[in-house]
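Undergrad: Residue numbers (the working numbering): 233 to 551.
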């Protein structure tokens, strides 16, 4: 609520209205007004200055709003005086509900305050631990720097001594190797002098071997030419024989085809003959059946005639 509203509520009429409404509704009204103003101004950077300006400006408008609110409260008071018992009970239940919500909110606030205190203590402990670790790391860094300088001097002395030892060993090995190289050069000169004669002999031997190889190659070429001629003649003979063989194969294929054709014709003739014989047998069987049927008819007619003749003779005897 604004200061003008609060000052208006402090006079005699405002106190009477506040007594009629009750402390709970007045407190709820003030909280709702304050929360609404804070929610409207929560995104403003300088919220304190804005809230002060909100309270100081537009005094007349706030007074008019207060009078309107006072009128609404009077109407509400009249309605409460004219309400029934159920409405009063529902209002009391609503009021009890808001009281319960207020109690829950206060409990929640206490719990959040406890959690905030525990978080603050945990943050303080963590900060103290970090400070201890930082001081320890700084002490370790100083120790490491001191030990690093000492170790670097030790390593420098150690490796300088090792380098001197290696240089002495290298000089001794270099002298020994130079002596060996000189001995090897002398031996190489002697070997070169002795190898010149052997090289001349080997060259003469190589020339003789080359002449022998040329003669062998010429002989081999002549034999190859003769063998090539023989192979050519044999290939021509083979081609002729292959041609004759192909001709004979074609002839035998034709003969085989003619033989197959003759066999097929013989088979067709045999089939036709068998068909004719079967037709003849069928006709003979049919004619024999017809003749037997006809003989039966004749025999039945003769039998019926004899039977009639016997009946006639018997009738005459009775007379």
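Ideal Cβ positions, reconstructed from N, Cα and C, are used throughout, including at glycine. A quick note: this is a predicted structure, and the numbers were derived from the prediction, not measured.
Straight-line CA distance for residue 530 to residue 538?
TA: The straight-line gap from Cα to Cα measures roughly 12 Å.
Undergrad: Could you tell me the alpha carbon to alpha carbon distance between residue 518 and residue 481, rounded to whole angstroms?
TA: For residue 518 and residue 481, the distance between alpha carbons rounds to 54 Å.
Undergrad: Determine the direct distance from the alpha carbon of residue 371 to that of residue 333, and round the result to whole angstroms.
TA: Roughly 56 Å separates the two Cα atoms.
Undergrad: Helix, strand or coil, according to DSSP, for residue 235 in the structure here?
TA: With a pLDDT of 45 at residue 235, under the threshold of 50, the modelled position of this residue cannot be trusted, and the question is left open.
Undergrad: Roughly how many angstroms lie between the CA atoms of residue 200 and residue 307, to the nearest whole one?
TA: Because the chain here runs from 233 to 551, residue 200 falls outside it and cannot be looked at.
Undergrad: Output the distance between the C-alpha atoms of residue 352 and residue 378, rounded to the nearest integer angstrom.
TA: Straight-line Cα distance between these residues: approximately 39 Å.
Undergrad: Which runs of the alpha helix (DSSP H), 4 residues or longer, sit entirely within the stretch 486-525?
TA: Listed in chain order, there is nothing to give.
Undergrad: Would you verify that the beta carbon of residue 473 is, or is not, closer than 7 Å to some beta carbon of chain B?
TA: Of the protein chains in the structure, only one exists, and it is not chain B.
Undergrad: Whole angstroms are fine: how far does the CA of residue 380 sit from the CA of residue 411?
TA: Using only the alpha carbons, I get a separation of about 46 Å.
Undergrad: Please report the straight-line C-alpha distance between residue 360 and residue 348, rounded to a whole angstrom.
TA: Each residue's Cα considered, the two are about 18 Å apart.
Undergrad: Give me the Cα-Cα distance between residue 385 and residue 394, rounded to the nearest whole angstrom.
TA: About 14 Å.
Undergrad: Can you give the Cα-Cα distance for residue 542 and residue 528, rounded to whole angstroms?
TA: If I take the Cα positions, the gap works out to 21 Å.
Undergrad: If you draw a straight line from the alpha carbon of residue 238 to that of residue 302, how long is it in whole angstroms?
TA: The predicted position of residue 238 is uncertain, since its pLDDT is 48 and thus under 50; a value taken from the coordinates is nonetheless stated next. Roughly 12 Å separates the two Cα atoms.
Undergrad: Within the stretch 412-474, note down every full alpha helix (DSSP H) run reaching 4 residues or more, in order along the chain.
TA: DSSP runs (the alpha helix (DSSP H)) wholly in the stretch 412-474: none.
Undergrad: Return the CA-CA distance between residue 502 and residue 493, expressed in angstroms with no decimal places.
TA: Going from the Cα of residue 502 to the Cα of residue 493 covers about 14 Å.
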